[in-house]
Amino acid sequence: MSAEHRGDAPPSPPPVLASEVVDELRAVMGDEYLSLVRLFLEDAPKHVRALETAASASDMPAMVAPAHTLKSASANLGAMALSAAAKRIELGARQGVLPRPAVAVAVLESEFRRAALALNALLK
Numbered sequence: 001m002s003a004e005h006r007g008d009a010p011p012s013p014p015p016v017l018a019s020e021v022v023d024e025l026r027a028v029m030g031d032e033y034l035s036l037v038r039l040f041l042e043d044a045p046k047h048v049r050a051l052e053t054a055a056s057a058s059d060m061p062a063m064v065a066p067a068h069t070l071k072s073a074s075a076n077l078g079a080m081a082l083s084a085a086a087k088r089i090e091l092g093a094r095q096g097v098l099p100r101p102a103v104a105v106a107v108l109e110s111e112f113r114r115a116a117l118a119l120n121a122l123l124k
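The sequence shown begins at 1 in full-length UniProt numbering and counts up one residue at a time.
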């Protein structure tokens, strides 16, 4: 029996941004929060590109720092799915056991695009 016939809805994906993190930052930082968002949107693409380059060369050590930076910065802004994708890359690369690094980076890129759209919407 399918989920729709049982009355069980499939689990909805988590929100792109954790509203409790966004709300707390806005309460604590006021308008400075938007400056933090802008800085992330300007800075993060270079770390994504660094991951792409390192993944294409299977250079695990070169993946650690940009993944760590993205993990922390995205978590600070509430982009938890992006942070989780970066954490998987960071830990795998640090241990030298990241299977198919290009696939892991493609997942991260997808999460980055989703997070960037949501963060840009906050700026409007």
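The beta-carbon is built from N, C-alpha and C at its ideal position, and this holds for glycine as well.
Among the options, nearest to residue i - alpha-carbon criterion
{"i": "Asn120", "options": "Pro66, Leu70, Leu41", "result": "Leu41"}
{"i": "Val105", "options": "Leu77, Ser19, Val64, Leu25", "result": "Val64"}
{"i": "Leu25", "options": "Ala54, Lys46, Ala118, Asn76", "result": "Asn76"}
{"i": "Arg94", "options": "Lys124, Ala118, Asp59", "result": "Asp59"}
{"i": "Ala55", "options": "Leu108, Ala116, Lys124", "result": "Leu108"}
Start and end residues, alpha helix (DSSP H) containing residue i
{"i": "Leu117", "result": "101-122"}
{"i": "Val21", "result": "19-29"}
{"i": "Pro45", "result": "32-56"}
{"i": "Ala93", "result": "80-95"}
{"i": "Leu77", "result": "60-77"}
CB-CB length for residue i against residue j, believed under 8 Å
{"i": "Phe112", "j": "Leu82", "result": "6 Å"}
{"i": "Leu51", "j": "Pro66", "result": "5 Å"}
{"i": "Val16", "j": "Arg114", "result": "5 Å"}
{"i": "Gly78", "j": "Val22", "result": "5 Å"}
{"i": "Leu123", "j": "Arg38", "result": "7 Å"}
Item to complete: Would you be able to state if there are at least three C-beta pairs under 8 Å between the segment 83-99 and the segment 53-70?
Response: A contact between stretches requires three or more CB pairs, one per stretch, nearer than 8 Å, and the segment 53-70 meets this requirement with the segment 83-99.
Worksheet item: Any chance the segment 24-31 sits against the segment 96-110, with 3 or more Cβ pairs inside 8 Å?
Response: Flag = no, the segment 24-31 and the segment 96-110 do not touch.
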